[in-house]
Amino acid sequence: MKQVFTRPASLAETPMHYCPGCTHGVAHRLVAEVLDELGLRGRTIGVASVGCSVFAYNYFNLDFQQAAHGRAPAVATGIKRVLPDRVVFTYQGDGDLAAIGTAEIVHAANRGENITVIFINNAVYGMTGGQMAPTTLPGMRTTTTPYGRDVRVTGYPIHVAEMLATLKGVAYISRVALCGVAHITKAKRAIRKAFQAQLDGKGFSLVEILSTCPVTWGLQPIDAVRWLEANMLPVFPLGEFVTDGQKERA
Amino acid sequence: MAQAVEKVATSPKEHDALISGSEAIAVACKLADVDVITAYPIRPYDTVMQYVAKLVSNGELDCEYIVAESEHSQFEIVKHASAAGARVFCGSSGVGWMYAFEALTVTPALRIPMVAMVGNRALDDPGAFGVEHNDALAVRDLGWQLVWVDNAQEALDTALIAYRVAEDRRVFLPCAIACDGAFLTHSQSQVKIPPQEWVKRFLPPYNRGDLLLHPDNPITVAPQVNEDWLMEIRKHNDEAMKRSKTVIREAYAEFAKIFGRDYGNPFFEEYQTQDADVVLVGMGTLSMPVKVAIRRMRAEGKKVGFVRIRWFRPFVAEELAATLGRFKAVGIIDRDFSFGSPYTSGVLATEVRAALYPAEKRPPVLAFICGLGGREVTVPDVQRMSEMLLRAAAGERQPLTTWVGIRE
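Shown next, in the form of structure tokens:
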């Protein structure tokens, strides 16, 4: 019988702890598939961040380093500068990358560090209990905005992809979403381009992945996907923001 | 435990609520009518910020509530809100508290009477959410007042007392209230919530006086001072910390009058010490297994007592040394570590030994490291420590430091 579907070699056989309907599993799989297809499993080092995906090191069949909250791009920088022939990527959520890690991500991108960042944006702090994140949508209910985010008091959702796209050190940036097969296929394509940019030595690459958090959103898994599509896509436009950036060499 | 005494205030009444230690701190913020609160989520402190958010959203607490992008900004925001005359609250846990350390170090020197809650948590890496005391203890040398509580009622009461002490012009130093992660932050118990009127009577408005940052009072906060003035500033902090002891005593006495809860000696609680041969000393929620074990051992005729330290800063060395001098042996339980310290023990043991040195009577001191990383301090653990103490009291040589409840 012809085998048409199997676990990517870059994923371990450890059962994931993620909640039902959480899209971390899909994102993990896409990254693993890309690494398999590019033949990178034996020379890739991942950097796990703080948040639900802190346990990514258990699920990827790769070398991993766990970083302190927000520090993943700095950790990746240290590794990549010493081991430039390895492929180095970070896997960070919005509570990590877009809040406490803002300085690190901006400056790693601006330096044109030749690393790849997988940025999961689900508009809340998932692990600590569904508090408002910098990416929380206007009017969105969280445990710290029980009547909805009031932008007059708490500010607006941060558009990380667009913000980083203004920096010259960036080689590739796009935003994708995990709602439906077509979007997931596009997401995989974007992840592949991001790793390819690193392989080509072009500089910093990032894929922002709009994701679900059904438990803290208080939704069933399917409703969460529909909610993402209906509410997050209008606020966070999808697309490629930088595709041909190249670090200027002295 | 607090003893019921006759209340000066009779009306309106307190009401009972089943709340966690974190919620008790949030309720205290409401009662103290705090003006500016900042937050950044990290377990186990994050439950406080959620309860505060609920109070603000429901219109029960009128304050500026800012969710910062990190603990460092979180503490910087309230520091300077306080400089501009606002009553402020802040909090964090473990590495979050450490991430704010630059802000924490300079808060006492600026004489900012911030009240902060530390939901005690181990310092990762490697990752750990459970209680250890090293996070809060890290500020012990810097001019922070530091108090440990062991139940939700004490958390609420101590938060109100902390504002009164911190904002007293004789003190003007920040105060951190340490609450054991999970065991206190997430455990509910019945709490008496006092009426606003009582709190108003107890807690005067925050008056920054001539240190107020305001256009009508032209000053510079935190200028460069170098060797010209820094030593004098440190000495000011030292004097303020010494005065804090008096202000703490006054505040507890006044609290007992208005609220009807008398904590006795504010600095440490004594449990079954009157006829004790040996005592254990510790801080925080380990008091529960210790007290249970003591009751069991007392039934077997073993005279063990317990001294629970509340205020670690200021540390009442003479008073504590005089108390501990009454016993034949003293055992210090540290829920922290201090690698390479004298006799390789913990922070509390080192401090207690130092406090005892000039004392007339110096009983043998045994140090115990127990309950790290959120591991429970169990009744058998306490019994084992007590047995060692009783042997020491009988003149049998015992190891100076013992790790208890660890895999062999």
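Going down the list, the protein sequences come from chains A and B.
Going by the working numbering, the first residue of the first sequence is number 1, and it counts up by one from there.
Going by the working numbering, the first residue of the second sequence is number 1001, and it counts up by one from there.
For glycine and all other residues, C-beta sits at the position ideal for the given N, C-alpha and C.
Which one or two residues does DSSP pair with residue i in a beta bridge?
i, result
"leucine 1356(B)", "In DSSP, leucine 1356(B) forms no bridge with anything."
"histidine 1214(B)", "Asn1217(B)"
"valine 117(A)", "Thr90(A), Leu206(A)"
"threonine 142(A)", "Thr145(A)"
"histidine 1133(B)", "Partner(s): none; histidine 1133(B) has no beta bridge."
"glutamate 240(A)", "Ser174(A)"
"leucine 1366(B)", "Gly1331(B)"
"phenylalanine 60(A)", "Leu11(A)"
"isoleucine 1177(B)", "Met1117(B), Val1147(B)"
"glycine 66(A)", "Just to set this straight, residue 66(A) is glutamine in the shown sequence, not glycine. Partner(s): Ala48(A)."
My output table needs one value for residue i: the three-state DSSP class, helix, strand or coil.
i, result
"glycine 1395(B)", "coil"
"asparagine 1120(B)", "strand"
"isoleucine 1066(B)", "strand"
"threonine 1402(B)", "strand"
"alanine 224(A)", "helix"
"lysine 2(A)", "coil"
"arginine 1111(B)", "coil"
"proline 8(A)", "coil"
"lysine 1192(B)", "strand"
"cysteine 19(A)", "coil"
"alanine 250(A)", "Legend: pLDDT at alanine 250(A) = 41, less than 50; position of this residue unreliable, value from coordinates given subsequently. Three-state DSSP puts alanine 250(A) in coil, outside helix and strand."
"alanine 1009(B)", "Note that alanine 1009(B) has pLDDT 49, beneath the 50 cutoff, so the model's placement of it is unreliable and the number below is only indicative. Reduced to three states, the DSSP call for alanine 1009(B) is coil."
"aspartate 1016(B)", "strand"
"glycine 245(A)", "coil"
"glycine 1127(B)", "coil"
"alanine 1084(B)", "coil"
"threonine 154(A)", "helix"
"threonine 44(A)", "strand"
"methionine 1388(B)", "helix"
"tyrosine 1051(B)", "helix"
"tyrosine 125(A)", "strand"
"glutamine 1074(B)", "helix"
"glutamine 1224(B)", "coil"
"glutamate 1197(B)", "helix"
"glutamate 1060(B)", "coil"
"leucine 1184(B)", "coil"
"alanine 98(A)", "helix"
Using a threshold of 9 Å, state whether the C-beta atoms of residue i and residue j are closer than that.
i, j, result
"alanine 1053(B)", "valine 1191(B)", "no"
"threonine 143(A)", "glycine 126(A)", "no"
"tryptophan 1144(B)", "cysteine 1179(B)", "no"
"glycine 74(A)", "alanine 108(A)", "Rather than glycine, the amino acid found at residue 74(A) in this sequence is alanine. Yes, these two residues count as a Cβ contact at 9 Å."
"glycine 70(A)", "isoleucine 118(A)", "no"
"isoleucine 1193(B)", "valine 1147(B)", "no"
"alanine 1321(B)", "proline 1364(B)", "no"
"valine 1036(B)", "alanine 1103(B)", "no"
"glutamate 1122(B)", "glycine 1405(B)", "Per the sequence presented here, residue 1122(B) reads as alanine, with glutamate not at that position. Contact: no."
"tyrosine 1051(B)", "valine 1118(B)", "no"
"alanine 1083(B)", "leucine 1213(B)", "yes"
"tyrosine 1163(B)", "leucine 1203(B)", "yes"
"valine 1171(B)", "histidine 1080(B)", "no"
"leucine 1137(B)", "valine 1347(B)", "yes"
Just to check, is the beta-carbon of residue i closer than 8 Å to a non-hydrogen atom of the ligand HEM?
i, result
"methionine 1385(B)", "No copy of the ligand HEM appears in this structure; indeed no ligand is present at all."
With respect to the alpha helix (DSSP H) encompassing residue i, which residues constitute its N-terminal and C-terminal limits?
i, result
"aspartate 1157(B)", "1152-1166"
"isoleucine 1025(B)", "1021-1031"
"isoleucine 79(A)", "72-82"
"threonine 135(A)", "Neither: threonine 135(A) is in no alpha helix (DSSP H) and is coded neither H nor E."
"phenylalanine 195(A)", "181-199"
"valine 1036(B)", "That residue, valine 1036(B), is in no alpha helix (DSSP H); its beta strand (DSSP E) goes 1036-1039."
"phenylalanine 1101(B)", "1101-1106"
"leucine 1203(B)", "It is not in any alpha helix (DSSP H) - leucine 1203(B) carries neither H nor E in the DSSP assignment."
"arginine 232(A)", "A small correction: the amino acid at residue 232(A) is methionine; arginine does not occupy that position in the sequence shown. It is not in any alpha helix (DSSP H) - methionine 232(A) carries neither H nor E in the DSSP assignment."
"proline 214(A)", "214-217"
"isoleucine 105(A)", "102-110"
"valine 160(A)", "160-164"
For the beta strand (DSSP E) that contains residue i, what are its first and last residues?
i, result
"phenylalanine 1089(B)", "1088-1092"
"valine 26(A)", "Valine 26(A) -> not in any beta strand (DSSP E); alpha helix (DSSP H) instead, spanning 24-37."
"leucine 1146(B)", "1145-1148"
Q: Starting from the N-terminal side, write out each stretch of the alpha helix (DSSP H) that is 4 residues or longer and does not extend beyond the region 1238-1304 of chain B.
A: 1287-1299
Q. Which whole runs of the beta strand (DSSP E) in the region 1295-1349 of chain B are 3 residues long or more, in chain order?
A. Those beta strand (DSSP E) runs which fall completely within the region 1295-1349 of chain B and span 3+ residues are 1304-1309, 1311-1313, 1329-1334.
Q) If contact means a Cβ-Cβ distance below 7 Å, which residues of the region 40-64 of chain A contact chain D? A) Absence of chain D from the displayed structure is noted, the protein chains being A and B.
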